[in-house]
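Just so you know, the protein sequences line up as chains A and B, in that order. Sequential numbering from 104 applies to the first sequence in the numbering used here. Sequential numbering from 5 applies to the second sequence in the numbering used here. Backbone N, C-alpha and C fix where the C-beta goes; we use that ideal spot for every residue, glycine too. Here's the structure we're looking at; comments come further down.
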Amino acid sequence: MPELSDTQRLVRDALVGGDFQTVRPVLIGGGDPTRRLAIHHRHYHASLVDALRTRFPATTWLIGDAAVTAAARRFVATHPPRVFCIAEFGEDFPAFLAAEPSLAALPYVQAFARLEWHAGRVSVAVDGPALSLADLTAAESVDLMSSAVAFQPGVMYLTADWPVDELLRVYLSDQTPPEFQMEPGTMHVEVRGARGDLHLTRIAAATWLFRRCLQAGLAIGTAAEGALDVDPQFDSGRALIEVYGAGLVTRLFLLNPH
Amino acid sequence: MIWTKTGRQPQDVGAGIGLRLPHLAEVLDTKPDVPFFEVHPETFLANPHATELLLAIADRYPVSVHTVGVSIGSASGLDRAHMARVKRLVDLVNPVLFSGHVAWSTHAGEYLNDLLPLPYTEESLTLLARHITQVQDTFERPYLLENPSSYLGFADSTMTEPEFLSALVERTGCQLLCDVSNVYLSAHNMGFDAHAYIDALPAEAVNELHLGGFEEEPDQSTPGSTLLVDTHGTSIADGAWRLYEYAVTRFGPVPTLIERDNDIPVLGALVAESHKARAHASRALAQHHARVV
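The following block contains the structure:
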């Protein structure tokens, strides 16, 4: 009699990898129980392929349902979920797509799918109450350079080597332009969402780094130094005001020097 | 710790509805006549906006939490990080019922997105009893265990499913969720008597019933036969309704849940099935009462 862990390993190998013969001796049901285990095999693959197609509708629009479905089938056979929420399954799918030989002519697929992944994630965030410019003014006695801020949860800072933000906007607008030129170049994008809304904003490299550092919890002074390295003309005071004005900050706090 | 009773009960022991994402806003807008809603917590863990809507619904309706990823039958153990995430949601919702499946879904850190069958052996019994105790102690509420939908069994099983479930109740003080459609489906697929199965369950432990749709397809393992496949993608079959009436007379007017996970219809269609379940239960109980009197 096999131990339960061995039985479950055999069933797992049948479901994911299609090895039905090794598990056959432990099963009963009908003339050939492996044909019935195939129902679970079918469900594993179909449900996860469907989950990926649901999670990447814009990528499906870009490369076609057949291409996404074929790639998703290979993905779920080699990358079983390691998360319990299927909405969180597929973070590695953009990189998997990039390695698909049939998509080699579309070098921006990974960046586009990655942007879509994060856009989907932030669009279901819930904003908290934002600090106002008056709150910043009232904090004048605080050592701002040694302080940090907490950002809204639905914000993500991404870079891409292709204008995938423009392409995603085209998808979201539901209007196909007569032509769309994909010219390579580094893009710095702020992805912001809440309660179903989504905004993609291309921002300057220094501003991007400043906000990215703030979001990561670094001191305002450190974020400013990093931005100045990118752009010596960077105005950190104005940038901080803009961050507050955009409603991005939910909390200001002094970092522990230790 | 042994849990023997649930806390809050639905105010009306009619039929609740499985609440899915497409219907959240509509429920808040239209406030349908439904005694309770049941949710899969795993649907909400990565979706704060949906959670916000769910909590607003929980202010107006009793909510039942039905886990699909706790995997109490997994030989590789419970995932404590996942349990902690579910517990945070459960603590916010304060559900009237808290349930899961006699199944396994995880293996060595992988989540297989299905409710997979278990051999009914002493080893499985010991493992599940330990895991159920951990779940009940973690969540500080009784756990209702749902009978699976079965297409196959295991050669080394040493007890029937009702015997296995009864032993779990005895060892852990857990309760049972009898999925009537699963009983009907499994009886067809595995060749047992559905009424005898219901008779064999410990009635005092059954505190919820489920009804869901299934579909018939050719049984590839036995040419000429058919299998019923648990899809939750259709309305409830006549045979399942008849078995439901029998279950109601056996278990009494416990809360019933209408489940639909695929090809989800408009909310009104689910509300209509909820009312249909209430009518079936009322008729069955009235006829049963008349026979007894």
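Coarse secondary structure for residue 259 (chain A), derived from DSSP in three states: strand
Inter-residue Cα distance where the pair is residue 280 (chain B) and residue 79 (chain B): 40 Å
Integer-rounded CB distance, given that residue 174 (chain A) should sit under 8 Å from residue 215 (chain A): In fact, because the Cβ distance is near 14 Å, the residues do not count as touching under 8 Å.
Cut-off 6 Å between Cβ atoms - residues of its own chain near residue 331 (chain A), not counting five sequence neighbours on either side: 337
Three-way DSSP call (helix, strand, coil) for residue 196 (chain A) in this model: helix
Distance between beta carbons of residue 282 (chain B) and residue 18 (chain B), contact taken as under 8 Å: 4 Å
Nearest-angstrom Cβ-Cβ length linking residue 219 (chain A) and residue 162 (chain A), presumed shorter than 8 Å: 6 Å
The region 103 to 117 of chain B: positions lying closer than 7 Å to chain A by Cβ: 108, 111, 113, 114, 115, 116 and 117
CB contact below 9 Å: residue 58 (chain B) versus chain A: no
Strand pairing of residue 182 (chain B), partner residues [DSSP]: B:213
Range covered by the beta strand (DSSP E) that runs through residue 326 (chain A): Counting along the chain, residue 326 (chain A) falls outside any beta strand (DSSP E), though it belongs to the alpha helix (DSSP H) covering 323 to 333.
Length of the line joining the Cα atoms of residue 291 (chain B) and residue 277 (chain B): 21 Å
Nearest-angstrom Cα separation, counted from residue 287 (chain B) out to residue 250 (chain B): 11 Å
Same chain, Cβ closer than 7 Å to residue 197 (chain A), five either side skipped, listed in chain order: 213, 216, 217 and 220
Interfacial residues, the region 120 to 144 of chain A to chain B, with Cβ spacing under 8 Å: 128, 129, 130, 131, 132, 133, 134, 135, 136, 137, 138, 139, 140, 141, 142 and 143
Residue 200 (chain B) versus residue 99 (chain B) - alpha carbon distance: 32 Å
7 Å Cβ cut-off: residues of chain A touching residue 86 (chain B): 187
Alpha-carbon to alpha-carbon, residue 132 (chain B) and residue 81 (chain B): 10 Å
Whole-angstrom C-beta distance between residue 312 (chain A) and residue 346 (chain A), which should lie under 8 Å: Actually they are not in contact, since the Cβ atoms of residue 346 (chain A) and residue 312 (chain A) sit about 13 Å apart, beyond 8 Å.
Contacting residues, own chain, Cβ-Cβ under 6 Å from residue 265 (chain B) (five flanking each side not counted): 236
Own chain partners of residue 62 (chain B) with C-beta closer than 6 Å, once the 5 adjacent residues on each side are dropped: 97
Rounded Cβ spacing between residue 257 (chain A) and residue 297 (chain A) (contact assumed at less than 8 Å): 5 Å
Secondary structure of residue 16 (chain B), DSSP reduced to three states: At residue 16 (chain B), the pLDDT of 44 sits below 50, so the modelled position is not reliable and the matter cannot be decided from this model.
Which of helix, strand or coil DSSP assigns to residue 253 (chain A): strand
Neighbouring residues, chain A, relative to residue 155 (chain B) (Cβ below 7 Å): 132, 139 and 142
is_contact[residue 233 (chain B), chain A] using C-beta, thresh 9 Å: yes
Buried versus exposed, by CB contacts within 10 Å (16 or more), residue 357 (chain A): exposed
C-beta atoms of residue 187 (chain A) and residue 83 (chain B) nearer than 9 Å: yes
Proximal residues, the region 182 to 208 of chain A versus chain B, C-beta separation under 7 Å: 183, 184, 185, 186, 187, 188, 189, 190 and 191
Given residue 224 (chain B) as reference, the closest of A:133, A:207 and A:115 once Cα atoms are compared: A:133
At least three beta-carbon pairs within less than 8 Å, the region 259 to 273 of chain B to the region 237 to 248 of chain B: yes
Three-state secondary structure (DSSP) of residue 109 (chain B): strand
Given residue 112 (chain B) as reference, the closest of A:166, A:183, A:323 and A:194 once Cα atoms are compared: A:183
Top-ranked residue by Cα proximity to residue 220 (chain B), from B:197, B:26 and B:190: B:190
Residue 167 (chain B): contacting residues in chain A (beta-carbon distance under 9 Å): Chain A residues near residue 167 (chain B): none, gap ~17 Å exceeds 9 Å.
Spatial distance of residue 56 (chain B) from residue 235 (chain A) (CA atoms): 24 Å
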